[in-house]
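This report refers to the structure that appears directly beneath it.
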Amino acid sequence: MLKISLPLQEPVMIFALVLVIILLAPALFRKLRIPEIIGLILAGVLVGPHGLNLLSEDLEFSIFGTIGLLYLMFLAGLEIDVRDFRKNKEKSITFGLLTFALPFGLSFLVAYTLLDFSLTASLLISSMIATHTLVSYPIVSNLGISRNRVVNVGIGGTIITDTIALLFLAVIAESAEGEINMMFWLQFIAYFSVFVFIVNWVFPRISRWFFRHYDGQSSLEYVFVLTVVFVSAVVAEFAHIEPIIGAFFAGLALNRLIPHNSPLMNRIMFIGHTLFIPFFLISVGMLVDFSILFASREILLVIGVLLVLAVASKYIAAYLTQKIFHYTVSERHLIFGLSNARAASAIAIVIVGFNMGIVHETVVNATIILVLITCLISSLVTERAGKKVAYSQKRELATTAPVEERILIPISNPQTIDQLIAFAVMIKDRSSEEPLFPITIVPDDEKAAENVVLYNNLLEKAQEHASATDHLARIISRVDTNVADGLVRSVKELGISKLVMGWHGRMSTVDFFFGTLLENLLVKTGKAVYVVKMLSPVNLIDNIHVLMPPSVEFEVGFHEWVIDVVGVSRQTSSALTFWGYSDSHDKIRGVLEEEKMEVEPTFRTAKCAHMLKVISRKLNPNDLLVVIKARKNTLSYNKDLRGIPAQLDQYFKSSNIVVVYPEQEIVYKDALDVQV
Numbered sequence: 244m245l246k247i248s249l250p251l252q253e254p255v256m257i258f259a260l261v262l263v264i265i266l267l268a269p270a271l272f273r274k275l276r277i278p279e280i281i282g283l284i285l286a287g288v289l290v291g292p293h294g295l296n297l298l299s300e301d302l303e304f305s306i307f308g309t310i311g312l313l314y315l316m317f318l319a320g321l322e323i324d325v326r327d328f329r330k331n332k333e334k335s336i337t338f339g340l341l342t343f344a345l346p347f348g349l350s351f352l353v354a355y356t357l358l359d360f361s362l363t364a365s366l367l368i369s370s371m372i373a374t375h376t377l378v379s380y381p382i383v384s385n386l387g388i389s390r391n392r393v394v395n396v397g398i399g400g401t402i403i404t405d406t407i408a409l410l411f412l413a414v415i416a417e418s419a420e421g422e423i424n425m426m427f428w429l430q431f432i433a434y435f436s437v438f439v440f441i442v443n444w445v446f447p448r449i450s451r452w453f454f455r456h457y458d459g460q461s462s463l464e465y466v467f468v469l470t471v472v473f474v475s476a477v478v479a480e481f482a483h484i485e486p487i488i489g490a491f492f493a494g495l496a497l498n499r500l501i502p503h504n505s506p507l508m509n510r511i512m513f514i515g516h517t518l519f520i521p522f523f524l525i526s527v528g529m530l531v532d533f534s535i536l537f538a539s540r541e542i543l544l545v546i547g548v549l550l551v552l553a554v555a556s557k558y559i560a561a562y563l564t565q566k567i568f569h570y571t572v573s574e575r576h577l578i579f580g581l582s583n584a585r586a587a588s589a590i591a592i593v594i595v596g597f598n599m600g601i602v603h604e605t606v607v608n609a610t611i612i613l614v615l616i617t618c619l620i621s622s623l624v625t626e627r628a629g630k631k632v633a634y635s636q637k638r639e640l641a642t643t644a645p646v647e648e649r650i651l652i653p654i655s656n657p658q659t660i661d662q663l664i665a666f667a668v669m670i671k672d673r674s675s676e677e678p679l680f681p682i683t684i685v686p687d688d689e690k691a692a693e694n695v696v697l698y699n700n701l702l703e704k705a706q707e708h709a710s711a712t713d714h715l716a717r718i719i720s721r722v723d724t725n726v727a728d729g730l731v732r733s734v735k736e737l738g739i740s741k742l743v744m745g746w747h748g749r750m751s752t753v754d755f756f757f758g759t760l761l762e763n764l765l766v767k768t769g770k771a772v773y774v775v776k777m778l779s780p781v782n783l784i785d786n787i788h789v790l791m792p793p794s795v796e797f798e799v800g801f802h803e804w805v806i807d808v809v810g811v812s813r814q815t816s817s818a819l820t821f822w823g824y825s826d827s828h829d830k831i832r833g834v835l836e837e838e839k840m841e842v843e844p845t846f847r848t849a850k851c852a853h854m855l856k857v858i859s860r861k862l863n864p865n866d867l868l869v870v871i872k873a874r875k876n877t878l879s880y881n882k883d884l885r886g887i888p889a890q891l892d893q894y895f896k897s898s899n900i901v902v903v904y905p906e907q908e909i910v911y912k913d914a915l916d917v918q919v
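Numbering (the numbering used here), first residue to last: 244 to 919.
Okay, here's the thing in structure tokens:
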């Protein structure tokens, strides 16, 4: 018979128990509309040494917990929208300073004078109270108000607050081991400068080289990212800085190199949220000893005081921000809800202090309970305020059902599958639940049966790549007498709204654009067509140059392609320049304002076809040229557009190019005849 002793010692049984907790605890608390983070922490309390004593804080378990903590701080840096922060930097800095300084100052006065903590302990507790985590951000995202002005300010303020708090932690941890004098500050500044140089200058350049040379090798990419995270943590330790700061800065360093919808980001999020981070949260719960609550009044006093300070100071900061920038009451409550929850950063700070002997177990238990209560308050307030903000949005929802976005991706070359899927994912509406539609058209000849098998292998690869980005793919294989006709029939049958197709590498640009396939396709369908040639990974794009013909703003698909291009720019954190006429520029500004897209593109006046040579001199290997073209007999078509393919061949043979044919109303001479 199997002998079981408590706490469990068998690795298999320990791992099985943890997986059961990770599976059941979030599902149970989701039913109760309580944040999953609380469920995992409470599960840790239940099975920990102060609960049922099923698990102990041994070395093996603590290693997983430490990995989870570093992983969580890395994700905090990786998910921050740096572009939004730059756009709202004045407001974000103001809110960030308020939401740090008020909680920090009030907490320090109370901890040092009323609760009689030491100077170092008071500073550490104040840093913990000042920080916050965007636990309730998924609520905002689900309500569709993630572009609201206060949400962007709240995200930017999080960068300010958490960075200052973690730097305070570094100073506190270092000062706990020695005297704070001029030499200390000189050493700290020197160490920190070297650390920032390595993580923010050296690592991004190494990462660019790696992603360029190993693009598509998913396992190696993920291992490389993990290596950067933990090497950054080691570098931080050598610089006398806490490893969690190294992990956080590693996330900031890789932020623009890993697009949100990329397969790599999907793997990072999936493994972190399903394994490493739950381990950390369970290990946090195992530290809690509720029996201490009944042992003395001291812990109750500490919990009560810290809770009042934590909630009141964050509300005051939100109130002042509202008054300064003239936000509504609902927006004040929303930014308060977003900034009230303490989680990863707060727990990390207090655990570091506990391990160094700066604070005792009472503060750790008080912090854990503080996390539970503030996460509950944050979730409830954010949901209530978020609904009011959503209802009061100026832009009313359309009463008719929106047109479903469906993207068709013709596949014929195995070498371009990854780049086509990656680009399609980038321009795909995040709210759309429609799958991608990779398709192969097999010519109806004597080799059709043999080619169907060959092309099905390509489709399976496309489906695999789409799945890696957490997007469904409905693969389609059909036999037709003509590839263009097969694609057009598929567009009609499936209700396709966009086509993303590859650049034919075995023929010249002129032959490709005036050959049978693309020209016939453009004649027979007015849907948007994106012709993609990516020579470097899409996540390495630095600048996007968009060249537009006159009157492009009058086409049906103008609004759509502007959103798509800006979406690519946002996901790659690349600079965006529009080359065209002033009327087109004004319309683009209108689209950005209407969609509340927080971007600041550069506008250059240019006559379309004659500017390609000028743009070619500005284009770097990691830049992307987007050329907006037009079909014959459409509003924005002119004779100058016919010379563009030749110029692309002449000036941009080694460049990343996307040629866009927007959705347009086509004037037909006959149903399937070529236009004249």
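A virtual CB, placed ideally from N, CA and C, is assigned to each residue, including glycine.
Whole-Å CB distance - residue i paired with residue j, under 8 Å assumed
{"i": "L765", "j": "V772", "result": "7 Å"}
{"i": "A667", "j": "I682", "result": "So it is not a contact: roughly 12 Å between Cβ atoms."}
{"i": "I784", "j": "T815", "result": "4 Å"}
{"i": "G311", "j": "F519", "result": "4 Å"}
{"i": "A711", "j": "N509", "result": "6 Å"}
{"i": "Y465", "j": "I511", "result": "7 Å"}
Classification of residue i by the beta-carbon crowding that lies within 10 angstroms, buried from 16 upward
{"i": "G397", "result": "buried"}
{"i": "Y634", "result": "exposed"}
{"i": "K923", "result": "Residue 923 is absent from the model: the chain starts at 244 and stops at 919."}
{"i": "V580", "result": "According to the sequence as given, residue 580 is Gly; it is not Val. Classification for G580: buried."}
{"i": "V445", "result": "exposed"}
{"i": "V263", "result": "exposed"}
{"i": "F533", "result": "exposed"}
{"i": "D807", "result": "buried"}
{"i": "F454", "result": "buried"}
{"i": "G320", "result": "buried"}
{"i": "I488", "result": "buried"}
{"i": "Q460", "result": "exposed"}
{"i": "Q658", "result": "exposed"}
{"i": "P888", "result": "buried"}
Spatial distance of residue i from residue j (CA atoms)
{"i": "I546", "j": "K776", "result": "59 Å"}
{"i": "K875", "j": "Q893", "result": "23 Å"}
{"i": "V917", "j": "G769", "result": "Note that V917 scores a pLDDT of 34, beneath 50, so its modelled location is shaky and nothing firm can be said."}
{"i": "L855", "j": "Q890", "result": "7 Å"}
{"i": "V325", "j": "G399", "result": "8 Å"}
{"i": "L623", "j": "V572", "result": "16 Å"}
{"i": "I616", "j": "L285", "result": "12 Å"}
{"i": "E253", "j": "W804", "result": "57 Å"}
{"i": "Q706", "j": "V614", "result": "41 Å"}
{"i": "L715", "j": "S505", "result": "14 Å"}
{"i": "N296", "j": "T470", "result": "34 Å"}
{"i": "F801", "j": "I831", "result": "9 Å"}
{"i": "N699", "j": "I654", "result": "10 Å"}
{"i": "K566", "j": "L275", "result": "35 Å"}
{"i": "K896", "j": "A709", "result": "28 Å"}
{"i": "T363", "j": "F351", "result": "10 Å"}
{"i": "P645", "j": "G528", "result": "Because P645 sits at a pLDDT of 49, beneath the cut-off of 50, its placement in the model cannot be relied upon, and the point is left open."}
{"i": "V811", "j": "A555", "result": "40 Å"}
{"i": "T643", "j": "E736", "result": "Confidence is the limiting factor: at T643 the pLDDT is only 38, short of 50, which leaves the residue's position unreliable and the question unanswerable from this model."}
{"i": "F513", "j": "Y434", "result": "34 Å"}
{"i": "V696", "j": "L386", "result": "44 Å"}
{"i": "L884", "j": "P793", "result": "10 Å"}
Residues that residue i bridges to, as DSSP identifies them
{"i": "M744", "result": "V774"}
{"i": "P681", "result": "I652"}
{"i": "R847", "result": "W822"}
{"i": "V902", "result": "V774, V870"}
{"i": "D723", "result": "P686"}
{"i": "I787", "result": "L819, L867"}
{"i": "A716", "result": "L679"}
Residue i CB to nearest heavy atom of the ligand MN below 7 Å
{"i": "E604", "result": "Absence of the ligand MN from the depicted structure is noted, as is the absence of any ligand whatsoever, leaving it without description."}
Segment contact flag, the region 672-691 with the region 720-739, C-beta cutoff 8 Å, min 3 pairs: yes
The region 334-345 / the region 551-567 touching (three or more Cβ pairs under 8 Å): yes
Contact the region 830-839 vs the region 863-883: 3+ CB pairs below 8 Å: no
Three CB pairs or more closer than 8 Å across the region 423-436 and the region 373-383: no
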